[in-house]
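Q: Take 1142 as the starting number for the sequence shown in the numbering used here and just add one per residue. Glycine is no exception: its CB is placed at the ideal position from the N, C-alpha and C atoms.
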Amino acid sequence: MPRATLVLGISFGLSILMVTAWASARGRPSESPQSTESASLDPAHKQATGQLSSLETQRRKRALAALCAAVKTNAGYCQEWLSSEDFESVLKTTAGISLLTDLLKAESDDDQWQLAVEKLRQETDELVKTARKANKAQSNLHLEKIQQHADTLAKISPAFNVTPKYASRNDIRRVMNLLNGTYADAKRALLFSEVEIAQREAFVLWKVGKYLESQRAQGAREEAWAALATAFSSASLHAAEMPSPGEEKLQLALKAAHTQCENCHNREQPAGSPGLSQPNRLTFPVR
Ligand code: HEC
1142 MPRATLVLGI SFGLSILMVT AWASARGRPS ESPQSTESAS LDPAHKQATG QLSSLETQRR
1202 KRALAALCAA VKTNAGYCQE WLSSEDFESV LKTTAGISLL TDLLKAESDD DQWQLAVEKL
1262 RQETDELVKT ARKANKAQSN LHLEKIQQHA DTLAKISPAF NVTPKYASRN DIRRVMNLLN
1322 GTYADAKRAL LFSEVEIAQR EAFVLWKVGK YLESQRAQGA REEAWAALAT AFSSASLHAA
1382 EMPSPGEEKL QLALKAAHTQ CENCHNREQP AGSPGLSQPN RLTFPVR
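1. Less than 8 Å separating the Cβ of T1234 from some heavy atom of the ligand HEC?
2. Please state whether the Cβ-Cβ distance between L1232 and K1277 is less than 9 Å.
3. Using 9 Å as the threshold, is the C-beta distance between W1347 and A1381 below it?
4. For the stretch 1246-1297, which segments carrying the alpha helix (DSSP H) assignment without a break, of at least 4 residues, lie completely within its bounds, in sequence order?
5. Helix, strand or coil: which one does DSSP assign to E1335?
6. Could you check the C-alpha separation between S1195 and R1201 for me, to the nearest Å?
7. Excluding the 5 residues preceding and the 5 following R1408 in the sequence, name in chain order all residues of the same chain whose CB lies nearer than 6 Å to its CB.
8. Leaving out five residues before and five after Y1352 in sequence, what residues of the same chain have Cβ atoms less than 8 Å from its Cβ?
9. Is K1260 closer than 9 Å to T1234 when the C-beta atoms are compared?
10. Among E1364, E1226, E1388, whose alpha-carbon lies nearest the alpha-carbon of Q1279?
11. Is I1338 a contact residue of the ligand HEC, with contact defined as CB to any heavy atom under 8 Å?
12. For C1405 and Q1356, I'd like the C-alpha separation in whole angstroms.
13. Between S1374, Q1340, V1349, which lies nearest to K1390 when the distance is taken from Cα to Cα?
14. Please look up how many angstroms separate the CB atoms of G1237 and G1322, rounded, as I've assumed it's under 8 Å.
15. Could you check whether the Cβ of L1320 sits closer than 8 Å to any heavy atom belonging to the ligand HEC?
16. Is L1193 helix, strand or coil when you go by DSSP?
17. Compute the Euclidean distance between the alpha carbons of I1313 and T1214, then round it to the nearest angstrom.
18. Only counting the same chain, and skipping five residues up and downstream in sequence, which positions put a Cβ closer than 6 Å to that of A1330?
19. Rounded to the nearest angstrom, what separates A1189 and W1254 at their Cα positions?
Next comes the structure, spelled out in structure tokens:
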């Protein structure tokens, strides 16, 4: 080996050693679900300085694709409900599409993006009107448009120039219906060995979890709420981002996320909630 190369090689090796030592002194992100997310290190700050890490960008791209796909999946369910003229279910599922639209809107400030999201929103609002009037033909037309708008959105690569922020709304039922459906979609995908689709649904769970985190709970319970929501969203993100997990591992990860659904229900159930079995403790996000 020529001498210059040797010297270069040694100094290169040394600098790698130094960087590694520095990185581990600062604490490397480990594999646990909690720290996966903190690996993105204050995205707000990075965005302000224009340096979103590639991990964070990749994560947001995948989440975006997942949200667009979820709009289409849910529009597909609406078409099924429509064919049996079950307008009540159409409206319930449309509320989920409208929440997905809120999540998409918050992802970027780009004009082109905002415009495309707005079109999706308008179509969804129209669908609510026609479904309320039990107008099957018109509702079907809106559903086709919704799917087209979701396709359009999926093709745009917006700049991730904002940290998603969500308005506080008293819409817990809408959120839970979407979570319930999305979790069922993930489980079904696994049943058919569609690991990729199951992980895509886990990305949607993560985003909805972030939305839950952002919602305000009442008074002293605020902290408990945020912690419960964060535990859920972190577990979902962990499932979403496991590298080529295989069915069994992913199933366990999804189960771990579901345990966090239950944890929250066990502690946060309002009086008279149907279907949940734990003591009635009133708390849910309020304006
Ligand atoms: C951070 C807290 C929290 C998490 C996490 C959470 N939930 Fe909920 N969930 C609630 C609360 C609060 C209610 C009660 C809402 C009400 O009755 O007003 C609820 C109610 C529900 C309901 C009943 C909805 C209805 O119309 O009565 C279902 C179904 C549900 N959740 C499913 C899920 C699933 C599935 C997950 C996880 C994939 C999940 N939830 C995660 C807080 C949470």
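A: Let me lay it out:
1. no
2. No, Cβ-Cβ distance for L1232 and K1277 is not below 9 Å.
3. yes
4. 1252-1273, 1277-1296
5. coil
6. Each residue's Cα considered, the two are about 10 Å apart.
7. none
8. L1240, D1243, L1244, Y1307, V1316
9. no
10. E1226
11. Checking every heavy atom of the ligand HEC against the Cβ of I1338, none is found closer than 8 Å.
12. 14 Å
13. Relative to K1390, the option among S1374, Q1340, V1349 whose CA is nearest is Q1340.
14. 6 Å
15. yes
16. coil
17. If I take the Cα positions, the gap works out to 21 Å.
18. I1338, A1339
19. Any reading at A1189 is ruled out, since the residue's pLDDT is 49, under 50, leaving its predicted position unreliable.
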